[in-house]
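Residue numbers (the working numbering), protein chains in the order written: chain A, 1 to 100; chain B, 1001 to 1169.
Glycine residues also receive a C-beta, built at the ideal position from the N, C-alpha and C atoms.
See below for the structure under consideration.
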Amino acid sequence: MVPIQAYLILSAILFVIGAAGVLARRNAIIVFMSIELMLNSVNLTLVAFSMYLGNATGQMLVFIVMTVAAAEAAVGLAIVIALFRRKQTVNLDEINILKW
Amino acid sequence: MTLEAILFYVLSVVAIGSALLVVTRRSPVISALYLIVNFFCLAGLYLTLHAQFIAVIQIIVYAGAIMVLFVFVIMLLNLGDERRLRDGMSYKKVVAVGLAAGLLTELIYVVATSWDLLPPSAFHQTVEIGTVEYIGTQLFTGYLFPFEVTSILLLVAIVGAIVLAKRKF
């Protein structure tokens, strides 16, 4: 079996790529995709630990994280559509009404 | 090297490569397609961990439902004008990459220093933990309350999405 540390390091790399995407990109849809990448990498950690320790709680948590990701994608993309309808852009730098 | 190890390394290289392409491509459609590749790689990685249920759910929920939503919204918005979306201000990218590199160093340091703190693996005796039967039993007995809360969360998300995307309030 592949050691669990390999899974943890892979998951860390994927999380960091997602975090860099959230910080660097300004297209709201790509920022959302980066958030999905981060959620997925955490899921990988949870499944790896769940199988390593022989405990199903981690997989229940993955189930719930996936539900939250689906809800987040639905509501977030609805917000993107509403913003696009109002401002004709999905560039996050131009959406700054709440910023002072 | 066993088949499992070969699969792990191939899938992880493809997963990291597609994740990099997701955050670096300019067009959101291409990013979405690479994100689907990444989701399939993760499903394969779950299979190397013997978590069949999670692997199938990953493909059905992520690659099936969430990515359809993404592609549909990209299509609906018709983001043809890429110039307006150009990521200006390169100092932001430098700062982002620097912060990400620092975070990666920290995470790898944590994994490396906790190498021998882990309890011994129970993997060989609990291979059946990832099956649909075991997960279903657990989900409807010990984890029934979180499961029901999940359904309320989905209801709230449906209502919220409809209200937000409606043209007139």
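Buried or exposed: where does B:Asn-954 fall if 16 or more other Cβ atoms within 10 Å of its Cβ makes it buried?
-> One cannot answer for residue 954 of chain B here, as it falls past the ends of chain B, which runs 1001 to 1169.
How do the region 11-25 of chain A and the region 56-76 of chain A stand: do at least 3 beta-carbon pairs fall below 8 Å, yes or no?
-> no
On the premise that A:Ala-12 lies in contact with A:Met-38, defined as a C-beta separation below 8 Å, what is that separation, rounded to the nearest angstrom?
-> At roughly 11 Å, the Cβ-Cβ gap does not stay under 8 Å, so A:Met-38 and A:Ala-12 are not in contact.
Burial state of B:Leu-1112 (16 or more Cβ within 10 Å) = The residue you asked about is not Leu; residue 1112 of chain B is Ala in the sequence shown. Exposed, because fewer than 16 other Cβ atoms sit within 10 Å of the Cβ of B:Ala-1112.
Does any residue of chain A bring its CB to less than 8 Å from the CB of B:Thr-1131?
-> no
Just confirm the distance between the C-beta atoms of B:Gly-1044 and B:Leu-1007, as a whole number of angstroms; I'd bet it's less than 8 Å.
-> 7 Å
Would a check of beta-carbon distances place A:Leu-14 closer than 8 Å to chain B?
-> The Cβ of A:Leu-14 sits closer than 8 Å to at least one Cβ of chain B.
Which residues in the same chain as B:Ser-1031 place their Cβ atom closer than 7 Å to its Cβ, once the five residues preceding and following it in sequence are excluded?
-> Val-1022, Arg-1025
Compute the Euclidean distance between the alpha carbons of A:Ser-41 and A:Lys-99, then round it to the nearest angstrom.
-> Spanning the two alpha carbons is a distance of roughly 31 Å.
Please check if any C-beta of chain A sits within less than 8 Å of the C-beta of B:Glu-1004.
-> yes
Since B:Asn-1038 sits in a beta bridge, which residues does DSSP pair it with?
-> B:Asn-1038 pairs with nothing; no bridge assigned.
Per DSSP, what kind of secondary structure is A:Asn-43 in: helix, strand or coil?
-> Of the three classes helix, strand and coil, the one that applies to A:Asn-43 here is helix, per DSSP.
A:Val-31 burial status per 10 Å Cβ neighbour count (16 or more: buried) = buried
Below 8 Å on the Cβ atoms is my guess for B:Ile-1074 versus B:Pro-1028; work out the distance and round it to an integer in Å.
-> 5 Å
Just how far apart, CA to CA, sit B:Val-1010 and B:Val-1037?
-> 13 Å
What residue does the alpha helix (DSSP H) around B:Ile-1057 start on, and which one ends it?
-> 1052-1057
Please list the partners that A:Leu-37 has in chain B, where partner means a Cβ-to-Cβ separation under 9 Å.
-> Ala-1019, Val-1022, Val-1023, Leu-1035, Asn-1038
Who are the neighbours of A:Val-65 on chain B, taking C-beta pairs under 8 Å?
-> Those within 8 Å of A:Val-65 in chain B number zero; the least Cβ separation is about 10 Å.
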